[in-house]
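Counting in full-length UniProt numbering, the sequence shown runs from 1 upward without gaps.
For glycine and all other residues, C-beta sits at the position ideal for the given N, C-alpha and C.
First comes the structure, then the notes that go with it.
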Amino acid sequence: MGVHDIRKLEREWRREQEEAVNQRSNELSRQLKNVKAELSMLAQTLEENASKDPEELVPKIKQEAADLQSKESELGRVSEALSGEVSACEARARQSAEAERERERALGTLRQKAKETRQQLMAVEKRLSDLGTKEQVVTDARSNILRQSVLEDVEVPLLRGGFEALQDFAEAPSQSVSAPTQRSPNAGEEQLEVDFSLLPEEKQAASAGPAAKMLEEEFRMELERLRVEMERLSPNLKAIDQMQGVAEHVQAASHEADAARRDIEDIEAQFEAIRKARKERFMDCFTKVAAEIGSVYRRLTANTAGLHADGGSAYLDLEDTEDPFNGGIKFTAMPPAKRFRDMHLLSGGEKTLAAMALLFAVHAFSRPPFMVLDEVDAALDANNVRALASYVEQTECQTIVISLKDRFYDRGHALIGVWKNKPEETSAVLTLDLTKYAEGSTQ
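Right under this line is the structure:
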């Protein structure tokens with residue numbers, strides 16, 4: 001019919017019909033408005049002429065009444081014509097709707113047939129693809145057999161093409177394709193045709209089915225037997241290729257070993273540099289601490305009464321001076337007026353002073369912003385407590401001391417106490433600023 005879109009054509013036809021109906025309705029509405037306007041004017045004229053002589057108005061009224069009847073008749077004819085046109089349009093619309101439903105049913109049938117046709121086409125294409133794949137497998141197997149016959153020096157009877165064509169075909173690179181339908185014959189493959197006339201008739205007839213599989217298995221077993229026999233009678237021709245592969249593998253392993261050796265040397269150099277830096281930093285610390293430990297211990301153990309004003313002696317020694325990390329550090333502390341003894345034989349107070357001396361000596365190398373001492377004076381007598389408090393007071397480091405001995409905490413700048421508030425069942429904190437009191441005053 002030359003129509004590309006039936007629905008579009010029907011929509012346009014309906015729109016034209018609706019526009020015609022609307023136009024006719026608008027025309028009728030305008031005529032009705034005109035009649036109403038004339039009636040209004042007539043009523044107004046009647047009101048104006050009410051005061052006039054009735055006999056003078058009778059001819060004029062009759063004329064106007066006749067005009068109105070004529071217009072009313074015309075308006076009735078127009079209304080009937082318009083009603084007929086509306087009915088005709090509605091009938092055509094119903095016919096168009098029925099025709100459209102019929103076309104929809106026909107279109108659904110065509111779509112179902114098209115779907116079935118596409119499914120059949122897809123099945124045929126899949127079948128063609130499977131056949132193409134099988135064809136490629138068979139062709140590749142034939143090509144591999146021909147190449148293998150050249151490599152193993154097996155004579156193949158040919159109806160077309162000679163040994164040179166077969167050798168050229170074997171030396172040509174094999175093709176690699178992504179789909180069976182895209183495969184093209186290898187160079188020289190079309191020029192070769194194998195002569196199967198030497199085979200028995202039953203083997204020539206076995207082209208498919210169980211007979212072909214049995215024949216294929218028989219040929220495979222025969223080929224395997226001949227291959228084993230050839231390997232037993234002749235030298236291994238693949239040894240050179242295998243040797244070359246082994247040599248390449250050894251060369252690659254040698255390169256990897258050289259690279260690993262260089263990496264090890266780099267790592268060893270880095271480790272040696274780190275080890276040297278670690279030893280230097282350790283020796284800097286040890287030298288400083290060993291130089292300070294004697295004077296710190298001497299100040300802590302010097303008796304304020306003057307009996308042993310020189311104080312004791314303390315030493316630090318490395319067990320392995322060449323590699324200090326392979327050995328330990330020997331700490332020797334000799335209290336005043338006592339002979340040398342091992343550290344574990346000292347009393348609790350003597351061990352405390354030795355430990356505090358080592359702590360303060362380490363702080364001489366790396367001074368901290370503050371220290372916290374938790375009841376370090378528990379094992380000290382009164383003289384040693386006084387000596388420790390005096391040393392802590394003279395240090396420049398801010399120190400927080402937890403102690404229960406007044407000889408220690410009375411040297412501080414402030415006291416903080418925690419006590420139990422029984423009425424409220426809570427803990428309370430009490431602070432006291434000792435800097436407000438003069439030294440020696442009664443506390």
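So if DSSP puts residue i in a beta bridge, which residue, or which two residues, is it bridged to?
i	result
V429	V418
D140	Partner(s): none; D140 has no beta bridge.
A333	A314
I402	D374
Measuring alpha carbon to alpha carbon, tell me which of the options ends up nearest residue i.
i	options	result
G312	P324, E322, L318 and Y297	Y297
T352	A387, P368 and S366	A387
A333	S29, F325, R118 and L345	L345
S70	Y409, P423, E425 and V35	V35
F282	R225, R15, P324 and P423	P324
E72	S96, K33 and K60	K33
E12	A93, I329, K279 and D130	A93
V289	T45, G108, Q112 and L358	L358
S295	R278, M243, A364 and A253	A364
T287	L316, T301 and K276	L316
N368	E217, Q112, E396 and G348	Looking at the sequence provided, one finds Pro at residue 368 rather than Asn. It is E396.
R77	R127, N144 and Q31	Q31
L300	Q270, R341, D342 and Y391	Y391
V15	E90, E64 and D67	It should be noted that the sequence gives Arg, not Val, for residue 15. Of the candidates E90, E64 and D67, the one whose C-alpha sits nearest the C-alpha of R15 is E90.
A43	R227, Q120, E64 and L226	E64
L82	I145, H249 and N26	N26
D374	Y409, M343, R341 and E350	Y409
F219	I145, P59, A277 and K276	I145
Assuming residue i and residue j make a contact with CB atoms under 8 angstroms, what is their CB distance in whole Å?
i	j	result
V372	M356	With a Cβ gap of about 13 angstroms, V372 and M356 do not count as contacting.
F370	Q394	Not confirmed; about 16 angstroms, so no contact.
A361	E292	4 angstroms
G412	V401	7 angstroms
S79	L28	7 angstroms
residue 477	S427	Lying outside 1 to 443, the shown extent of the chain, residue 477 is not represented and no answer is given.
L432	L415	4 angstroms
R407	A389	7 angstroms
Would you say the beta carbon of residue i comes nearer than 6 angstroms to a heavy atom of the ligand GTP?
i	result
Q394	Ligands displayed in this structure: none; no statement on the ligand GTP is therefore possible.
Could you check whether the stretch 371-390 touches the stretch 315-333, counting it as contact only if at least three pairs of C-beta atoms, one from each stretch, sit closer than 8 angstroms? They do not touch, by the three-pair rule.
Decide yes or no for the touch test of the stretch 249-269 against the stretch 327-339: beta carbon pairs closer than 8 angstroms, at least 3 of them. A contact is defined here as three or more CB-CB pairs under 8 angstroms, and the stretch 249-269 fails this definition with respect to the stretch 327-339.
Inter-stretch contact (C-beta, 8 angstroms, three-pair minimum) for the stretch 73-86 and the stretch 14-31: They touch, by the three-pair rule.
At what residue ranges does the stretch 16-101 contain a whole run of the alpha helix (DSSP H), taking only runs of 4 or more? Every candidate alpha helix (DSSP H) stretch fails here, since none sits fully inside the stretch 16-101 while reaching 4 residues.
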